[in-house]
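In the numbering used here, the protein residues as written are 13 to 266.
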Amino acid sequence: MRCWKWLSATASMVVAAAAGSGSAQAAEVKVAVAANFAGPMARIAESFSAATGHTVLLSSGATGKFYAQIRSGAPFEVLLAADDETPKRLVSEGHAVAGTGFTYATGRLVLWSTRAGLVDDQGAVLQGGGFAHLAVANPKTAPYGAAAMQVLQARGRVEALTPRLVMAESIAQAYQFVATGNAELGFVALSQVAVPGKPAPGSRWLVPQALHEPILQDAVLLQPGADNPAAKALLEHLKSVPVKELIRSYGYGS
Numbered sequence: 013m014r015c016w017k018w019l020s021a022t023a024s025m026v027v028a029a030a031a032g033s034g035s036a037q038a039a040e041v042k043v044a045v046a047a048n049f050a051g052p053m054a055r056i057a058e059s060f061s062a063a064t065g066h067t068v069l070l071s072s073g074a075t076g077k078f079y080a081q082i083r084s085g086a087p088f089e090v091l092l093a094a095d096d097e098t099p100k101r102l103v104s105e106g107h108a109v110a111g112t113g114f115t116y117a118t119g120r121l122v123l124w125s126t127r128a129g130l131v132d133d134q135g136a137v138l139q140g141g142g143f144a145h146l147a148v149a150n151p152k153t154a155p156y157g158a159a160a161m162q163v164l165q166a167r168g169r170v171e172a173l174t175p176r177l178v179m180a181e182s183i184a185q186a187y188q189f190v191a192t193g194n195a196e197l198g199f200v201a202l203s204q205v206a207v208p209g210k211p212a213p214g215s216r217w218l219v220p221q222a223l224h225e226p227i228l229q230d231a232v233l234l235q236p237g238a239d240n241p242a243a244k245a246l247l248e249h250l251k252s253v254p255v256k257e258l259i260r261s262y263g264y265g266s
């Protein structure tokens with residue numbers, strides 16, 4: 013019951029049911045996944061379950077919040093972070109297994125609006141008016157939010173735009189602020205507006221990577237999953253060629 017409470021406390025949960033043969037040896041793996049990667053990971057979990065019979069419990073949210081929960085004893089077995097520092101920190105603190113971390117994706121940041129023509133392909137909208145609210149994920153807990161603030165710093169717009177910032181708990185909430193019209197535009201992950209077959213409406217600026225630190229997203233095996241074959245198998249599944257191709261289809265670098 014205690015484990016279930018931890019999973020339910022995060023932003024969302026997707027259950028990929030066990031399928032296929034070999035279910036007699038099926039196991040369950042609890043995964044904490046960065047909000048920007050929730051969509052791709054749901055599809056990856058489905059293919060993993062179909063191939064192995066294992067069940068995947070996904071909880072999505074901000075990487076910084078997962079870090080705090082894991083340190084407090086949350087029973088997650090695998091972490092898919094939105095940065096590379098958090099997994100390394102968890103290893104150094106004894107909460108993750110040394111030698112299991114790797115970069116599963118390189119994130120891309122976009123400035124997006126549901127309004128066609130509002131965001132130009134150079135991001136010049138940040139220099140002028142035309143909007144009252146700019147959504148940004150909390151830079152203290154969300155690596156994409158930190159990258160967004162670096163972009164504003166590089167453009168010299170932090171002081172001018174601070175009164176217009178709408179701070180979101182995660183990149184998923186930043187997307188929701190824009191999608192629902194609570195903010196005219198916002199910094200979101202490319203994966204959120206470049207879903208294969210379902211491109212988001214409106215206008216966007218693909219932020220040059222030179223304007224912020226690389227968004228290297230690392231996965232790591234956490235201590236509660238050290239003896240769970242399903243957790244180890246999932247990490248290997250993430251390294252497979254088909255999964256890498258799926259990740260690239262969402263706009264990530266490999």
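Glycine is no exception: its CB is placed at the ideal position from the N, C-alpha and C atoms.
Inset, instruction - Would you give the residue range spanned by the beta strand (DSSP E) that Lys152 belongs to? - result: Run containing Lys152: none; DSSP gives neither H nor E here.
Inset, instruction - Starting from Ala180, follow its DSSP beta bridges and name the residues at the other end. - result: Ala149
Legend entry - Contacts around His66, its chain only, beta-carbon distance under 8 angstroms, and the 5 residues preceding and following it disregarded: Ala30, Ala38, Ala39, Glu40, Val41, Phe60, Ala242, Ala245 and Leu246
Inset, instruction - Please indicate yes or no: does the CB of Phe114 lie closer than 7 angstroms to some heavy atom of the ligand ADP? - result: Here there are no bound small molecules, and the ligand ADP is not part of this structure.
Legend entry - Span separating the alpha-carbon of Glu196 from that of Leu177: 11 angstroms
Legend entry - Residue from Ala231, His249 and Ala238 with nearest C-alpha to Phe4: Here the chain has residues from 13 to 266 only, and residue 4 is not among them.
Inset, instruction - Return the chain-ordered list of same chain residues with a C-beta closer than 6 angstroms to the C-beta of Gly265, the five sequence neighbours on each side being excluded. - result: Thr118
Legend entry - First through last residue of the beta strand (DSSP E) which encompasses Leu173: No beta strand (DSSP E) contains Leu173, which is instead part of the alpha helix (DSSP H) from Val170 to Leu173.
Legend entry - Beta-carbon proximity list for Ile227, same chain, < 8 angstroms, skipping 5 on both sides: Ala94, Asp95, Thr118, Gly119, Arg120, Leu121, Pro155, Tyr156 and Ala159
Inset, instruction - Counting only runs of 3+ residues fully inside the region 37-103, write out the beta strand (DSSP E) ranges in chain order. - result: 40-46, 67-73 and 90-92
Legend entry - Straight-line Cα distance separating Lys256 from Leu223: 26 angstroms
Inset, instruction - Have a look at Pro220 and Leu258 and give me their C-alpha separation to the nearest angstrom. - result: 23 angstroms
Inset, instruction - Quick one: which unbroken alpha helix (DSSP H) runs of 4-plus residues sit fully inside the region 228-261? Chain order, please. - result: 241-250 and 253-261
Legend entry - Cα-Cα separation between Leu233 and Glu97, rounded to whole angstroms: 14 angstroms
Inset, instruction - Quick one: give me the first and last residue of the alpha helix (DSSP H) that Val219 is part of. - result: That residue, Val219, is in no alpha helix (DSSP H); it is neither H nor E in DSSP.
Inset, instruction - Return helix, strand or coil for Ala144, following the three-state DSSP convention. - result: coil
Inset, instruction - Tell me whether Tyr264 sits in a helix, a strand or coil according to DSSP, three-state version. - result: coil
Legend entry - Same chain, Cβ closer than 8 angstroms to Gln235, five either side skipped, listed in chain order: Gly106, His107, Ala108 and Val109
Legend entry - DSSP-derived helix/strand/coil call for Gly157: helix
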